[in-house]
Structures are given as structure tokens and as C-alpha cells.
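To keep things clear, I will list the structure first and then write my remarks on it.
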Amino acid sequence: MQRLNAGKVLRAGNTEVRNVKGDVSVDFYARAKDELVRAMPERQCCKAAELCGLVKTDGVVRITEGRVSLSIPESSAAVARKVLALLKDVTRPEVQVAVAKSRGIPRGNAYIVRLPDHEDAINLLETLGLTQLRTGGGADPGILDAYCCKRAFIRGAFLGAGYMSQPGKGYHLEIYVESEQFAEFLAELIVQFGVRAGIVERRGRYVVYVKDGDGVVELLRVMEAPNALLELENDRVLRSIRNDVNRLVNAENANVAKTVEASCRQVQDIELIDEYLGLERLPASLRQVARARLDYPEANLTQLGQMLTPQITKSGVNHRMRRLASLAASLRRKGGPPDAV
Ligand SMILES: [Zn+2]
Numbered sequence: 123m124q125r126l127n128a129g130k131v132l133r134a135g136n137t138e139v140r141n142v143k144g145d146v147s148v149d150f151y152a153r154a155k156d157e158l159v160r161a162m163p164e165r166q167c168c169k170a171a172e173l174c175g176l177v178k179t180d181g182v183v184r185i186t187e188g189r190v191s192l193s194i195p196e197s198s199a200a201v202a203r204k205v206l207a208l209l210k211d212v213t214r215p216e217v218q219v220a221v222a223k224s225r226g227i228p229r230g231n232a233y234i235v236r237l238p239d240h241e242d243a244i245n246l247l248e249t250l251g252l253t254q255l256r257t258g259g260g261a262d263p264g265i266l267d268a269y270c271c272k273r274a275f276i277r278g279a280f281l282g283a284g285y286m287s288q289p290g291k292g293y294h295l296e297i298y299v300e301s302e303q304f305a306e307f308l309a310e311l312i313v314q315f316g317v318r319a320g321i322v323e324r325r326g327r328y329v330v331y332v333k334d335g336d337g338v339v340e341l342l343r344v345m346e347a348p349n350a351l352l353e354l355e356n357d358r359v360l361r362s363i364r365n366d367v368n369r370l371v372n373a374e375n376a377n378v379a380k381t382v383e384a385s386c387r388q389v390q391d392i393e394l395i396d397e398y399l400g401l402e403r404l405p406a407s408l409r410q411v412a413r414a415r416l417d418y419p420e421a422n423l424t425q426l427g428q429m430l431t432p433q434i435t436k437s438g439v440n441h442r443m444r445r446l447a448s449l450a451a452s453l454r455r456k457g458g459p460p461d462a463v
């Protein structure tokens with residue numbers, strides 16, 4: 123046990139990755155986390171693996187006068203309960219639970235599960251394959267032999283130090299860890315499930331992240347959160363439908379803008395003609411269209427055509443508008459009325 127005399131051997135507090143109040147994601151994240159808490163592994167191997175993930179990301183080993191104690195602080199009572207349930211099934215140590223006021227975000231209680239007894243702490247660390255590891259590093263391959271255990275380990279790591287963004291803010295899942303070595307180990311483990319994972323250093327810690335929608339969905343499947351997975355998938359479908367609708371609306375708005383712009387130009391032309399020439403001097407076919415335009419500046423060409431007697435088609439109206447435009451242009455050029463129209 124000489125290797126553990128560094129004091130804090132494993133440390134990955136996770137308060138700062140918790141959610142910010144008022145964020146809708148609190149709900150989705152909380153629901154997903156709740157589901158992950160309830161996903162209790164059946165096999166003994168997976169229970170040890172999940173506990174290992176939790177202890178690796180969130181456990182603190184203390185050595186006082188050669189005696190080892192282990193504590194696992196959690197800001198969620200539900201996760202603390204899961205830690206207790208797993209401990210009970212894995213090594214049955216004597217445990218103490220303390221409740222402290224959390225200083226980080228969110229404010230609230232922190233639940234500290236402690237194994238005060240030296241033998242119990244050593245026994246657990248040995249069972250989880252953590253006695254031979256220095257700060258950082260991965261997990262004992264023996265603990266993560268089977269895929270079922272790898273999934274449980276990732277779930278444990280996420281429960282210990284993970285965070286997931288609100289679906290509306292892009293799809294993002296991350297796990298905070300203390301060492302680069304462990305970050306690489308965890309990222310590689312995630313990659314084994316066909317999910318792209320990256321690592322970024324943030325404020326002296328390492329963040330293993332998955333930031334594409336497919337990856338987050340797959341990782342939820344890996345961690346066994348089918349309801350959160352469905353919720354995220356529904357969100358993605360709705361979002362893509364909404365995007366399609368928005369595209370259509372934008373196209374429609376662009377058409378309306380074009381109509382309004384054209385109408386403004388036409389009204390200016392007609393007013394100019396009226397000033398220089400007088401609308402009454404226009405041929406009846408043009409005068410009719412000009413008056414209709416002045417009366418209904420918001421109408422499109424088809425609607426204008428329907429207001430005339432007899433009705434004319436859109437292209438008919440368009441043709442007359444062009445004649446009005448060229449008349450206005452020539453009046454503008456000459457700076458006064460032409461001799462004849
Ligand atoms: Zn297993």
C-alpha cells in the first residue's frame with residue numbers, strides 16, 4: 123500500500139459540471155440521470171465495474187497515519203443511494219453517510235459516503251482493482267473484461283462526474299476527470315462502442331466529451347437509459363421537422379418581401395407618372411392597373427389582375443406594370459412629360 127501514500131490518490135470532484143438553475147436541460151439531464159441511477163446491474167461483475175467507474179471519477183482516498191479511508195462525495199442523493207446499494211452488493215463494508223452543504227453549484231446538500239475502516243477501504247480498492255494504480259491511469263483490465271462491465275463502468279463514470287446538455291443547445295455529453303491518462307482510457311472505452319469521443323483540457327482537468335447527436339444517443343443506449351434515448355431521438359426528429367418548416371416559412375417571407383419591394387417601386391413610378399403626366403392621360407388599360415396598384419399596394423400581381431374588369435392574368439398585369447415602369451423611367455430621364463404616350 124506504499125503507492126497510496128500520496129494522500130489524495132483519486133480525486134474528481136464534480137460540482138462545477140452540474141447544471142445551472144433555470145436551464146430547461148435540468149429536466150432532461152435530471153431525468154436521464156435518474157434513469158441511469160435506476161439501471162441497477164444484475165451481475166456481480168457489472169456491479170463492481172460501475173462502482174469502479176464511480177470511485178475512479180468521484181472517490182477520494184485518504185491516508186492518515188498509514189490507515190486508508192475512502193469517501194465518495196455526491197451532490198445527488200439518488201447517486202449516493204446507488205453507491206450504497208452497490209457497496210452492499212460488492213464488498214459489504216461498514217459505511218458512514220454524512221450530509222454537508224455543497225459550496226459549489228448547485229447549492230444544496232452533498233452526500234458523502236465514507237468507508238472509515240482501513241480493512242474495508244483496502245478490500246474495496248482491491249476488489250475494484252484500484253490498489254495498484256497511481257493517480258490517473260485506467261482501470262484494471264480484469265474489472266472490464268466483458269462488454270457488460272464496460273457499459274456499467276462508463277455509466278458509473280458518468281454518474282460520478284458527467285454532464286449532459288439540454289437537447290436544444292446541441293447534443294453534448296461530457297465526463298470530467300482528473301488525469302489525461304484516465305481521460306484517454308475512458309475515451310478509448312467509449313470509442314469501443316462506435317462512439318466518437320474527444321478530450322479537452324479545461325481549468326486543469328480533462329473533459330471526455332461526445333458532441334454529435336448520434337454519439338450521444340448511442341452512449342445513452344450503452345449506459346442503458348432507453349427513455350432518455352427516446353426523448354433525445356424525438357427531440358431530434360421534431361427539430362428537423364421544425365427546421366424544414368422554418369425553411370419554407372423563410373422562403374415564403376422572402377417572396378412576400380419581394381412583392382412588397384416591387385410594389386413600392388411600382389407605386390413610386392405611378393406617382394411620378396401622375397405628377398408629370400396625370401393618370402387620366404394614360405390608356406385605359408394602364409390607368410386601370412395603376413389605380414388598382416395605388417389602392418392596393420400590398421396585393422400581388424395575381425390579386426391585382428383579379429380586381430380588374432375584365433380580370434386579367436398575372437402576366438397581363440406584369441406586362442402593363444413594365445410599360446408603366448418604362449414610361450416612368452423615360453419621364454425621369456427627360457425630367458418632364460413626353461409629347462405623347
Ligand atoms: Zn459484467
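Going by the numbering used here, the sequence shown opens with residue 123, and the numbers climb by one from there. Heads up, the beta-carbon is just placed ideally off N, CA and C, and yes, glycines get one too.
From which residue to which residue does the alpha helix (DSSP H) around residue i run?
| i | result |
| --- | --- |
| R277 | 269-283 |
| S385 | 348-398 |
| R184 | R184 -> not in any alpha helix (DSSP H); beta strand (DSSP E) instead, spanning 182-186. |
| R343 | 335-344 |
| E196 | Taken as a continuous stretch (DSSP letters only), E196 belongs to no alpha helix (DSSP H), being part of the beta strand (DSSP E) at 189-196. |
| R409 | 406-417 |
| N422 | Premise fails: N422 is in no alpha helix (DSSP H) and is neither H nor E. |
| D211 | 199-212 |
| K443 | Reading off the sequence shown, one finds Met at residue 443, where the question assumed Lys. Its alpha helix (DSSP H) spans residues 436-456. |
Please state whether the Cβ-Cβ distance between residue i and residue j is less than 8 Å.
| i | j | result |
| --- | --- | --- |
| D180 | A283 | yes |
| L426 | A412 | no |
| I363 | L446 | no |
| E300 | R327 | yes |
| F304 | G251 | no |
| G175 | R277 | yes |
| K333 | Y285 | no |
| R444 | S407 | no |
| V217 | L208 | no |
| A309 | C168 | no |
| L341 | I312 | yes |
| P419 | S385 | yes |
Express the C-alpha separation of residue j and residue i in angstroms, rounding to a whole number.
| i | j | result |
| --- | --- | --- |
| V190 | L247 | 10 Å |
| V221 | R184 | 19 Å |
| I194 | I297 | 16 Å |
| R454 | Q390 | 11 Å |
| A279 | N349 | 20 Å |
| M239 | Y331 | The displayed chain sequence assigns Asp, not Met, to residue 239. Rounded to whole angstroms, D239 to Y331 spans 36 Å at the Cα level. |
| G457 | T381 | 28 Å |
| G144 | M429 | Note that G144 scores a pLDDT of 39, beneath 50, so its modelled location is shaky; the value from the coordinates is reported in the next line. Distance between the alpha carbons of G144 and M429 is about 54 Å. |
| A154 | A347 | 7 Å |
| Y151 | V159 | 12 Å |
| G188 | N245 | 15 Å |
| R203 | T253 | 24 Å |
| E397 | A376 | 32 Å |
| L416 | L370 | 30 Å |
| S437 | R361 | 39 Å |
| L401 | I392 | 8 Å |
| N365 | S448 | 41 Å |
| N127 | P163 | For N127, the predicted model reports a pLDDT of 28, less than 50, meaning its position is unreliable and no value from the coordinates is stated. |
| L295 | A261 | 21 Å |
| V439 | R409 | 12 Å |
| V146 | D211 | Interpretation of V146 is limited by its pLDDT of 42, a score under 50 that renders its predicted location unreliable; no figure is taken from the coordinates. |
| F307 | Q314 | 11 Å |
| L351 | V219 | 32 Å |
| P231 | V201 | Sequence check: residue 231 is Asn here, not Pro. Computed Cα separation, rounded: 13 Å. |
| I234 | E241 | 19 Å |
| E302 | A373 | 48 Å |
| R236 | A243 | 9 Å |
| M345 | T186 | 36 Å |
| A450 | R403 | 14 Å |
| C270 | A161 | 13 Å |
| T213 | E196 | 20 Å |
I'd like to confirm the pairing. Which residues does DSSP put opposite residue i in its beta bridges?
| i | result |
| --- | --- |
| A222 | A232 |
| V329 | Y298, V322 |
| M286 | L295 |
| L237 | L192 |
Exercise. Looking at C-beta atoms only, is the number of pairs between the stretch 324-339 and the stretch 262-272 that lie closer than 8 Å three or more?
Worked result: no
Exercise. Hey, is the stretch 346-359 in contact with the stretch 310-325, meaning 3+ C-beta pairs nearer than 8 Å?
Worked result: no
Problem set entry | Heavy atoms of ligand 3 versus C-beta positions, residues under 5 Å | What this structure holds is ligand 1, not ligand 3.
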